[in-house]
Amino acid sequence: MRPRPADSDALRQQRRVLELRAKLHAAIRCFFVERGFLEVTTPLILPANAPETHIDAIAAGTGWLRTSPELAMKRLLAAGHEAIFQLGPCFRAGEQGRWHHPEFMMLEWYRAPAGYLDILADTKALLAFVTTELRGGTDFSWQGKSLSCAQDMWEKYTVSQAFIQFAGWDPAVRFDADRFDLDLVTRVEPGLPMDRPVVLLDYPTPQASLARRKPDDPARAERWELYLGGAELANAYSELNDPVEQRTRFAEANAARQRRGESAYPLDEAFLAALAEMPPAGGIALGVDRLLMILADADSLDEVLPFRHG
Amino acid sequence: MAYTAADLRKGLKIEIDGIPYEVTEFQFVKPGKGQAMYKCRIKNMIAGNTMEKTFRSVDKIDQPNIESKTLAFSYQEGDKYIFMDNKTYEQVELHKDVLAGQHHFLLEDLECEVLFFNGRAMSVTLPAFVIKEIKETEPGARGDTATNVLKPAKIDTGYEIGVPLFINQGDFIRIDTRTGKYVERVKQS
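Protein chains in written order, with the working numbering: chain W, 1 to 310; chain B, 311 to 499.
Printed below as a string of structure tokens:
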């Protein structure tokens, strides 16, 4: 056996990150099990993902690696399981950078009957819990800046407020997809507070994806995104459970893909058939690697992914 | 020819509104449901200032017409510095401003890297080190080998440089052209 550099800094650093991840996964499981959620495992290889304009799947066998476990978990909701969570890998082609990796650890949870604000309450409690478990409290520093995940520190902006304040226009009034993405990245995100969790909520309906529209305001959908330290950490919905509207949105996403020169994806008919049975539910997807990166005081995913493929 | 955002990387030279830029930093960004974008810091290759620029993956990015030539310094005439292309024997006249203060370190036949943008000289890179003779300095303090105490000295071009106390008029020294600082004394045969 080759002698190991037992005391090398690199090995110690890797050990620290592995331990932090193990601790984070354990804390997440502890949090949900205590609240009566059932941990579920759904397939990694799927005959169909939810078509999204800008999310590309990686082909595997006769299907694709999952970009999210969302559709399978909603089928479980439709079957009558009312509080479920899953911690497992997801795969998205071509996403590579400081905050991106084609294979990443996702946490998703769903519950019914519930809406996106119930999920927000869960998320506040979850972050308070895991920061306390891993960093000894809700207030800690990340890359030399202080960050507080105390529940009373959370700040909310509607998407319209944030865009009017930082970019000078309201995307819910007249939507422009290109301008929305560019201004979000160059104006809105840099304007958000960095020292606390920030929630952007009520997205323009063209950005609803799988969220239901607000009953009293059909131009906006019940979707929110969480930012922590300036990074996008989670995306939550009041879940759309109208199979006709969902089919239309999938068709729109596929049409947008084809306009981009990308192929359309097949639809998950088993999901669409089950959707009519799904109770009003809330759900969320949270990027665990990004959360770990912040909790480990790392500057890039490189530092928390020991097997990162370049 | 045009680049796409996928070509972006550190060091890539691009053109925006007729100005050549070099990418000095770039970061892949992608909002959850949005398109992939590249947040870059770019440096104006003529003026030297940097700015932020975000490219979407659909954006076409112009490729600047930049040519690099190795030219040897020949002679000076006022603010004009005449270089020679040793392959074509073509003479190229550069204004002092293009040399950005490095004119002090030129030597006859010194080979420099000159960047041209649309045929106009834009910047000159000298070799990292040049050897120059000390033309003027207080007499050396013999035996004082300390290199952290400096005294003023002048080279042929009138450039004033800090040198250790043991350096004498007529000595040759190595100068780092990137910092303009003294490196070491050299024995010149």
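Glycine included, every Cβ here is placed at the ideal spot set by N, Cα and C.
- prompt: From B:T360, B:F338 and B:P374, pick the residue whose C-alpha is nearest to that of A312 of chain B; which is it?
  reply: B:P374
message: Short of 6 Å in beta carbon distance, which residues of its chain neighbour F129 of chain W, apart from the five on each side in sequence? Order them along the chain.
response: F31
Three CB pairs or more closer than 8 Å across the stretch 132-140 of chain W and the stretch 166-182 of chain W: no
- prompt: Where does Q14 of chain W fall in DSSP's three states?
  reply: helix
- prompt: Looking at C-alpha atoms only, which residue of W:L228, W:G191 and W:A172 is the closest neighbour of V198 of chain W?
  reply: W:L228
task: Would you kindly work out how many angstroms separate the C-alpha atoms of A322 of chain W and L77 of chain W, rounded to a whole number?
output: For residue 322 of chain W there is no data in the structure shown, the boundaries of chain W being 1 and 310.
message: Please identify the residue among B:A316, B:Y469, B:V473 and B:T457 whose C-alpha is closest to the C-alpha of E448 of chain B.
response: B:V473
task: Can you tell me which of W:M293, W:P280 and W:W99 puts its alpha carbon nearest to the alpha carbon of F75 of chain W?
output: Phe is not the amino acid found at residue 75 of chain W; the sequence shown has Arg there. Selected option, being the one with the closest Cα: W:P280.
Selection of the stretch 69-102 of chain W by Cβ proximity to chain B, strictly under 8 Å: G94, E95, Q96, G97, R98, W99 and H100
query: Any beta-carbon of chain W closer than 7 Å to the one on V333 of chain B?
result: no
- prompt: In whole angstroms, what separates the C-alpha of N359 of chain B from that of G328 of chain B?
  reply: 15 Å
heavy atom of the ligand FAD below 6 Å from P330 of chain B C-beta: Ligands are entirely absent from the displayed structure, and the ligand FAD is therefore not among its contents.
message: I need the DSSP call for S160 of chain W, collapsed to helix, strand or coil.
response: helix
- prompt: For M347 of chain B, which residues in chain W fall below 8 Å Cβ to Cβ?
  reply: D181, L182 and V185
message: Taking the beta carbon of F307 of chain W as the centre, do at least 16 other beta carbons fall within 10 Å, making it buried, or is it exposed?
response: exposed
- prompt: Do the stretch 436-448 of chain B and the stretch 474-491 of chain B touch if we need at least three Cβ pairs shorter than 8 Å?
  reply: yes
task: Taking only beta carbons into account, state which residues of the stretch 39-52 of chain W come closer than 8 Å to chain B, listed in chain order.
output: E52
Inter-residue CB distance, F104 of chain W and D302 of chain W (contact presumed, cutoff 8 Å): Not quite, the Cβ-Cβ distance comes to about 13 Å (not below 8 Å), so this is no contact.
task: Output, in chain order, the set of chain W residues within a Cβ distance shorter than 7 Å of Q337 of chain B.
output: G97 and R98
message: Among the candidates B:Y469, B:T435, B:L460 and B:F427, whose CA atom is the shortest distance from the CA of E443 of chain B?
response: B:Y469
message: For a quick check, are the C-beta atoms of E108 of chain W and P69 of chain W less than 7 Å apart?
response: yes
message: Determine, for K461 of chain B, whether the minimum Cβ-Cβ distance to residues of chain W falls below 7 Å.
response: no
Below-7 Å beta-carbon distance, E232 of chain W vs any chain B residue: yes
query: Of the choices W:D242, W:S209 and W:P218, whose alpha-carbon is the least far from that of A236 of chain W?
result: W:S209
message: For E82 of chain W and R111 of chain W, which I take to be in contact (beta-carbon distance under 8 Å), what is that distance rounded to the nearest angstrom?
response: 6 Å
field: Between the CA atoms of E325 of chain B and T467 of chain B - distance to the nearest angstrom
entry: 36 Å
query: Roughly how far, in whole angstroms, is the beta-carbon of E95 of chain W from the beta-carbon of A253 of chain W, given that I think they are within contact range, below 8 Å?
result: Actually they are not in contact, since the Cβ atoms of E95 of chain W and A253 of chain W sit about 17 Å apart, beyond 8 Å.
- prompt: Rounded C-beta distance between G342 of chain B and E225 of chain W? I'm assuming under 8 Å.
  reply: 6 Å
- prompt: Name the chain W residues whose beta carbon is nearer than 7 Å to that of G342 of chain B?
  reply: E225, E232 and N235
Assigned secondary structure, E245 of chain W (DSSP; H/G/I helix, E/B strand, else coil): helix
- prompt: If we cut at 7 Å on Cβ distances, does T364 of chain B have a partner in chain W?
  reply: yes
field: Interface residues of the stretch 193-208 of chain W facing chain B [CB-CB below 7 Å]
entry: Q207
task: Can you tell me which of the three DSSP states Q373 of chain B falls into?
output: coil
Nonlocal neighbours in the same chain, by C-beta distance under 7 Å from K390 of chain B, ignoring five residues either side: E403 and H405
message: Counting only beta-carbon separations shorter than 7 Å, does H54 of chain W have a partner in chain B?
response: yes
Of the residues B:M361, B:E377, B:I392 and B:P462, the one placed nearest V424 of chain B, counting alpha carbons only: B:E377
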